[in-house]
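Enquirer: Residue numbers (my numbering): 69 to 399.
No residue lacks a Cβ here, since even glycine has one placed at the ideal position from N, Cα and C.
No experiment lies behind these values; they were computed from the predicted model shown.
Sharing a structure below in structure tokens format, with a few things to ask.
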Amino acid sequence: MSDDVARETFAELRWGDKLVQTCPHCGVIRAHRYVKLQKRWRCKECYQPFSVTSGSVFHGHKLPLQTIIAGILIYANAVKGLSALQLSRELDVQYKTAFVLLHKIRESLWKTQNTTPFEGDVEIDAAHVHRYMRPKNKKADRVDRRLEENQNKMKCIVLVIRQRCPAQDDGEEGAMRTRIFVLKSENENDIRAVVEANVKRGSRIFTDEASGYASLGALYPHEVVCHEAEYQSDSGANQNQAESYFARLRRMLMGQIHQYVRKHLDVYANEIAFREDWRRKSNRTFVMDALQKCLQCARSRDWAKYWQGNKRRHDSVMNIPARTLASPAAG
Ligand SMILES: [Zn+2]
69 MSDDVARETF AELRWGDKLV QTCPHCGVIR AHRYVKLQKR WRCKECYQPF
119 SVTSGSVFHG HKLPLQTIIA GILIYANAVK GLSALQLSRE LDVQYKTAFV
169 LLHKIRESLW KTQNTTPFEG DVEIDAAHVH RYMRPKNKKA DRVDRRLEEN
219 QNKMKCIVLV IRQRCPAQDD GEEGAMRTRI FVLKSENEND IRAVVEANVK
269 RGSRIFTDEA SGYASLGALY PHEVVCHEAE YQSDSGANQN QAESYFARLR
319 RMLMGQIHQY VRKHLDVYAN EIAFREDWRR KSNRTFVMDA LQKCLQCARS
369 RDWAKYWQGN KRRHDSVMNI PARTLASPAA G
């Protein structure tokens, strides 16, 4: 891919047109003046210069555009995620460069996720994904894990909501849309707040027998699979789509990422949600869609100047205020 073709590809994905651009400074949409020597445009309204990546997640990029596309292509091919070391070898760039590139892609996928409420048949499940805390070598050095101050600080759960494909003649089956939420624990208050905000009333929900889901039966048609006895009930109730999401998430965290901190768990979990939803799409569709999402996202607050000391401050765990659960009749 030549420089010009790469730039045209970026421009078309970002603005939907090769001939018309949106000025990132003033927002005016028109054919702005192209300065050939600088390979940039100059706005006809505010006279500010801008390039094809100005104001996007790749603002101020140093990598050539072709390398960014190659990075996304390698990322798209990795079915269970990709480690930064592997990408750095494949692109022949530094580890730090690959690490930030991967996280900019993940952040874009996170910011551009579809947030419309789920409907139809919806599976809900949660899993602990925090790291194992290895005990000290000598027994005398080991601490009492039951005490709060000695508990695992990484402890949290990933709650997944997956909408099943409606039964169709074209043979499409499995899940069609997935969203994840990182919560402190599988408690009734948090789960109910998330589900009420993200699943339309009237949807049929499938969960396991955990106590956190108990009150959902008052709000939705609710089918429960008792995992102690069966994976699928006689009526066909199961949550196999949610389970297959977790299977892939665990393979990513254990087999590709190895080390991560809790504050980035949301973007990792969302990456697998995206991969699950796009698993049957072509490689080109994945690359173009991921690149478009990156270009339509504003400059990253967490990942711009990361290695110069700018770090993400907020945790990935959602902060849901406790409330008195309304009685089923009132709810
Ligand atoms: Zn302008």
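1. Can you check which of these residues, Asp383, Ser122, Arg369, is closest to Val329 by C-alpha distance?
2. Give the residues whose C-beta lies closer than 5 Å to at least one heavy atom of ligand 1, in chain order.
3. If I follow the unbroken beta strand (DSSP E) through Ile225, where does it start and stop?
4. Any idea if Gln92 is buried or exposed, counting beta-carbon neighbours within 10 angstroms, 16 or more meaning buried?
5. Can you look up Gly399 in the DSSP assignment and give me helix, strand or coil?
6. Look at the alpha carbon of Arg318 and the alpha carbon of Leu81, and state the distance between them as a whole number of angstroms.
7. For Asn257, collect the residues of the same chain with a Cβ closer than 6 Å to its Cβ; drop the 5 residues on either side in sequence, then sort them by chain order.
8. Hey, would you say Gln307 sits closer than 7 Å to Glu217, going by beta carbons?
9. For the candidate residues Gln324, Asn378, Cys362, Arg381, whose alpha-carbon lies nearest to that of His127?
10. When you measure from the CB of Val103 to every non-hydrogen atom of ligand 2, does any distance come out below 6 Å?
11. Looking only at C-alpha atoms, which of Phe118, Glu296, Met322 sits nearest to Tyr336?
12. When DSSP labels each residue in this structure, what does Ala337 get in the three-state scheme?
13. Starting from Leu251, follow its DSSP beta bridges and name the residues at the other end.
14. Starting from Gln89, follow its DSSP beta bridges and name the residues at the other end.
15. So, at 6 Å on beta carbons, what are the nonlocal neighbours of Phe274 in its own chain, with the 5 sequence-adjacent residues on each side left out?
16. What separation, rounded to the nearest whole angstrom, lies between the Cα atoms of Leu87 and Trp109?
17. Arg108 lies in the beta strand (DSSP E); which residues open and close that run?
18. Where DSSP assigns a beta bridge to Asp193, which residues make up the other side?
19. Just reading off the beta strand (DSSP E) that Glu296 is part of, what are its end residues?
20. Look at Arg260 and Gln309 and say whether their C-beta atoms are less than 7 Å apart.
21. Return yes when the Cβ of Ile248 is within less than 7 Å of the Cβ of Asn338, no when it is not.
22. From the DSSP output, which residues share a beta bridge with Asp357?
23. Determine the extent of the alpha helix (DSSP H) in which Phe314 is found, giving its start and end residues.
24. How far does the alpha helix (DSSP H) with Phe167 in it reach, from first residue to last?
25. Report yes or no: do three or more beta-carbon pairs, one from the segment 277-293 and one from the segment 195-211, lie closer than 8 Å?
26. Suppose contacts are defined by Cβ-Cβ distances below 7 Å. Is Cys111 in contact with His129 by that definition?
27. Using a Cβ-Cβ cutoff of less than 6 Å, which residues in the same chain neighbour Trp375 once the five nearest sequence positions on both sides are dropped?
28. When the Cα atoms are used, what is the spatial distance from Asn255 to Asn387?
29. On the three-pair Cβ rule with 8 Å, is the segment 169-178 touching the segment 291-303?
30. With 16 other CB atoms within 10 Å as the buried threshold, where does Ala79 fall?
31. Ser271 to Leu215, Cα distance in whole Å?
Expert: A quick look at the data gives this:
1. For the set Asp383, Ser122, Arg369, the Cα lying nearest the Cα of Val329 is the one of Asp383.
2. Environment of ligand 1, chain-ordered: Cys91, His93, Cys94, Cys111, Glu113, Cys114, taking every residue with Cβ within less than 5 Å of a heavy atom.
3. Taken as a continuous stretch (DSSP letters only), the beta strand (DSSP E) holding Ile225 covers 225-232.
4. Before going further, note that residue 92 is Pro rather than Gln in the sequence given. Counting every other CB atom within 10 Å of its CB across the protein chains shown gives Pro92 a total of 16 or more, marking it as buried.
5. Low local confidence applies: a pLDDT of 45 at Gly399 is under 50, so the model's placement there is unreliable, with the coordinate-based value given in what follows. Three-state DSSP puts Gly399 in coil, outside helix and strand.
6. Between Arg318 and Leu81, the alpha-carbon positions lie close to 33 Å from each other.
7. Ala390
8. no
9. Cys362
10. By its list of ligands, the structure shown excludes ligand 2, since it contains just ligand 1.
11. Met322
12. Note: Ala337 maps to helix in three-state DSSP.
13. Ile225
14. Per DSSP, Arg98.
15. Its chain contains Glu191, Glu291, Ala305, Gln307 as the residues whose beta carbon lies nearer than 6 Å to that of Phe274, once the 5 sequence neighbours on both sides are disregarded; these appear in chain order.
16. Cα atoms of Leu87 and Trp109: separation of roughly 11 Å, rounded to the nearest angstrom.
17. Residues 108-110.
18. Val228
19. For Glu296, there is no enclosing beta strand (DSSP E), as DSSP marks it with neither H nor E.
20. no
21. yes
22. Answer is none; Asp357 lacks a bridge partner.
23. Run containing Phe314: 308-320, per the alpha helix (DSSP H) assignment.
24. Phe167 -> alpha helix (DSSP H) spans 163-179.
25. no
26. no
27. Lys164
28. 13 Å
29. no
30. buried
31. Their backbone Cα atoms lie some 41 Å apart in a straight line.
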